[in-house]
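Chemist: With numbering that gives the first Met the number 0 applied, the sequence shown covers 0 to 141. One structure follows; several queries about it will come next.
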Amino acid sequence: MLTPNPLRKAPLWAPIPSLTLPAPHFSYSPVVRAGAFVFVSGLVGLEPGSGRLIEGGMEAETRQILKNLERLSAELSLDLDQLMLARIYCADFSRFGEINQVWETFYKNRTPPARTSVGATALPLGALVEMEFQFVIDPSLP
Numbered sequence: 000m001l002t003p004n005p006l007r008k009a010p011l012w013a014p015i016p017s018l019t020l021p022a023p024h025f026s027y028s029p030v031v032r033a034g035a036f037v038f039v040s041g042l043v044g045l046e047p048g049s050g051r052l053i054e055g056g057m058e059a060e061t062r063q064i065l066k067n068l069e070r071l072s073a074e075l076s077l078d079l080d081q082l083m084l085a086r087i088y089c090a091d092f093s094r095f096g097e098i099n100q101v102w103e104t105f106y107k108n109r110t111p112p113a114r115t116s117v118g119a120t121a122l123p124l125g126a127l128v129e130m131e132f133q134f135v136i137d138p139s140l141p
């Protein structure tokens, strides 16, 4: 039997609700906060209105993911300059240049975050691209 810890006053992390992201297709928290960090679960190129994967291939999916990220950032009052890490998963790494082209355009006048890129054999919902993000925030904010 576990005994409650009297020093633990608040959860170590908490989900952050979002009205701008498409609803998850599976059971997970799309956005969570832990201390000075906000973690955004892997996003695929879903259209916010329909929740369906956007058509048009790798470039279109990448653009949609970054649009969804911009909308989420605005909703949560996060500046994209607070974005410190991005992880990119690509179902066809031989075509990674298509992702990079959209990425370079998106970050043309911004400081890009640290980035990891990984080839994957399959991604959720048949997507070609998935990205997850980590923001840093002032830990004193509620």
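Here a beta-carbon is modelled for each residue, glycine too, at the ideal position from N, C-alpha and C. Just so it is clear, the structure is predicted and the values come from calculations on it, not from any experiment.
1) In or out: residue 88 buried (at least 16 other Cβ within 10 Å) or exposed?
2) Excluding the five sequence neighbours on either side, which residues of its own chain have a C-beta within less than 8 Å of the C-beta of residue 123, listed in chain order?
3) With a 10 Å radius around its C-beta and 16 neighbouring C-beta atoms as the bar for buried, classify residue 62 as buried or exposed.
4) In angstroms with no decimal places, state the Cα-to-Cα distance between residue 107 and residue 35.
5) Report back the beta-carbon spacing between residue 105 and residue 37 to the nearest angstrom; my notes put them in contact at under 8 Å.
6) Note the first and the last residue of the continuous beta strand (DSSP E) segment covering residue 84.
7) Kindly indicate the opening and closing residues of the alpha helix (DSSP H) around residue 101.
8) Quick one, which of 20, 65 and 82 has its alpha-carbon nearest residue 50's?
9) How is residue 74 classed by DSSP in three states: helix, strand or coil?
Modeler: Checking against the coordinates, here is how it stands:
1) Counting Cβ neighbours within 10 Å, residue 88 comes out buried, since at least 16 surround it.
2) Closer than 8 Å at Cβ, skipping near neighbours: 24, 25, 41, 43 and 129.
3) Buried is the call here.
4) So the alpha carbons of these two residues sit roughly 27 Å apart.
5) Between residue 105 and residue 37 a beta carbon distance of about 19 Å is seen, past the 8 Å cut, so the two are scored as non-contacting.
6) Element bounds for residue 84: 82-89.
7) Where residue 101 is concerned, the enclosing alpha helix (DSSP H) stretches over 95-105.
8) For the options 20, 65 and 82, the alpha carbon positioned closest to that of residue 50 is the one of 20.
9) Residue 74 carries a helical assignment under DSSP once its states are collapsed to helix, strand and coil.
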